[in-house]
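Notes follow the structure.
Protein chains in written order, with my numbering: chain H, 218 to 358; chain B, 167 to 277.
Dropping the structure here:
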C-alpha cells in the first residue's frame, strides 16, 4: 500500500460512514473509490441533471444549493449524490465546493453492489439520510 | 417478531415528539399522517412508518392517526434493527424509501 492509500485509510477510519469497518475492509474501500479534487466554486452536482456518483468528503466544505439558495453545508465525512444514484433520478440540489474539496467517488452503477457488500455502511448511510430527512422537514415548517 | 395491534378510528398510532419504540406496518385500514394541523399524507395497507425515529433515535416528526379501524403489525425497535442488519435487501428497501421521502420533501422546499 502506498502512502496516499494509507493516508486515505486513516482518514476513512475516522468517518462515521465507515466507522464499523475493519482495517482490511477500509483498505478495500480505499481501492474501490476514486479520489477527486474540486476547486473553490466548482459545481460537482447540478440540480436537474444526471447524477454521476456517490461522493464522500475527505477535506474541505461544500454547499447544498436548491434553486440558488444555500440550504446546508457539508464537511468532512459527509456524503452526497446518494439520492440520485439510489433513485436513478436527477439531483435535487446543486453541490458547490466552498473551498478546495477532496472527495472519494464511487460510480453510480458500483454503489448498490458496494452497499450490499457492506451492510454496516448501508446502515450508517440510512441513519444519516434519516437525519437529513428530519432536517429537511424542519425547513418546511 | 411482529405483534398485531388494532387501532379504532381516530386513535393515535404514533405521536409527534415521542421517541419511537418501534415501527408499524399497516395490514388493513388507513391512517392519516399529520404535523400540527397539517395533513401530510394518508398511509394504506403495506405502508410502513416510524422507522426514522427508530433509526436516528430522535423524536417522531409527525403523528399518525387511524382514519378508520386499522390493524398494524408493530415491530419493536431492537427487533427492527436486528432484522435490518440480517437482511441487506430489507435495509436497502428501507433506505430507498427514506431517500424517496427525502427527495419528495426537498422538491416541496422548492415550491
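The C-beta atom is built at its ideal place from N, Cα and C for all residues, glycine as well.
Using 8 Å as the limit for Cβ to Cβ distance, is residue i near chain B?
i	result
residue 299 of chain H	yes
residue 344 of chain H	yes
residue 303 of chain H	yes
residue 350 of chain H	yes
residue 313 of chain H	no
Can you tell me whether DSSP reads residue i as helix, strand or coil?
i	result
residue 178 of chain B	strand
residue 316 of chain H	coil
residue 263 of chain H	coil
residue 229 of chain B	strand
residue 311 of chain H	strand
residue 256 of chain H	coil
residue 204 of chain B	strand
residue 232 of chain H	coil
residue 220 of chain H	helix
residue 169 of chain B	strand
residue 276 of chain H	strand
residue 272 of chain B	helix
Between which two residues does the alpha helix (DSSP H) harbouring residue i extend?
i	result
residue 325 of chain H	325–334
residue 242 of chain H	240–249
residue 287 of chain H	Here residue 287 of chain H belongs to no alpha helix (DSSP H); instead the beta strand (DSSP E) covers 286–291.
residue 213 of chain B	Premise fails: residue 213 of chain B is in no alpha helix (DSSP H) and is neither H nor E.
Locate the beta strand (DSSP E) running through residue i, then write down its first and last residues.
i	result
residue 223 of chain B	Here residue 223 of chain B belongs to no beta strand (DSSP E), and DSSP marks it neither H nor E.
residue 245 of chain B	That residue, residue 245 of chain B, is in no beta strand (DSSP E); its alpha helix (DSSP H) goes 243–252.
residue 188 of chain B	188–194
Check the Cβ-Cβ distances between residue i and every residue of chain H, and say whether any is below 8 Å.
i	result
residue 184 of chain B	no
residue 273 of chain B	yes
residue 267 of chain B	yes
residue 176 of chain B	no
With burial defined as no fewer than 16 other Cβ atoms inside 10 Å of the residue's Cβ, what is the status of residue i: buried or exposed?
i	result
residue 236 of chain B	buried
residue 227 of chain H	exposed
residue 223 of chain H	exposed
residue 259 of chain B	exposed
residue 170 of chain B	exposed
residue 351 of chain H	buried
residue 274 of chain B	exposed
residue 219 of chain H	exposed
residue 176 of chain B	exposed
residue 229 of chain B	buried
The ligand NAD and residue i: does the residue's C-beta get closer than 7 Å to at least one heavy atom of that ligand?
i	result
residue 197 of chain B	With respect to small molecules bound, the structure shown includes none, and the ligand NAD cannot be examined in it.
Where the segment 217–231 of chain B meets chain H: residues whose CB sits under 7 Å from a CB there: Within the segment 217–231 of chain B, those residues whose Cβ lies closer than 7 Å to any Cβ of chain H are, in chain order, 218, 221, 222, 224, 227.
In the segment 235–265 of chain B, which residues sit with their C-beta less than 7 Å from some C-beta in chain H, listed in chain order? Listed in sequence order: 250, 251, 254, 257, 258, 260, 261, 262, 264, 265.
Note down, in chain order, all residues in the segment 278–299 of chain H with a beta-carbon under 7 Å from any beta-carbon belonging to chain B. Along the segment 278–299 of chain H, going in chain order, the ones with a CB nearer than 7 Å to a CB of chain B are 283, 284, 299.
Got a sec: which bits of the segment 318–332 of chain H sit with their beta carbon under 8 Å from any beta carbon on chain B, in order along the chain? Of all residues in the segment 318–332 of chain H, those with a C-beta nearer than 8 Å to a C-beta of chain B are 329, 332, reading in chain order.
Determine which residues of the segment 257–274 of chain H have a Cβ less than 7 Å from any Cβ of chain B, and write them out in chain order. For the segment 257–274 of chain H, which is checked against every Cβ of chain B, not one residue is closer than 7 Å.
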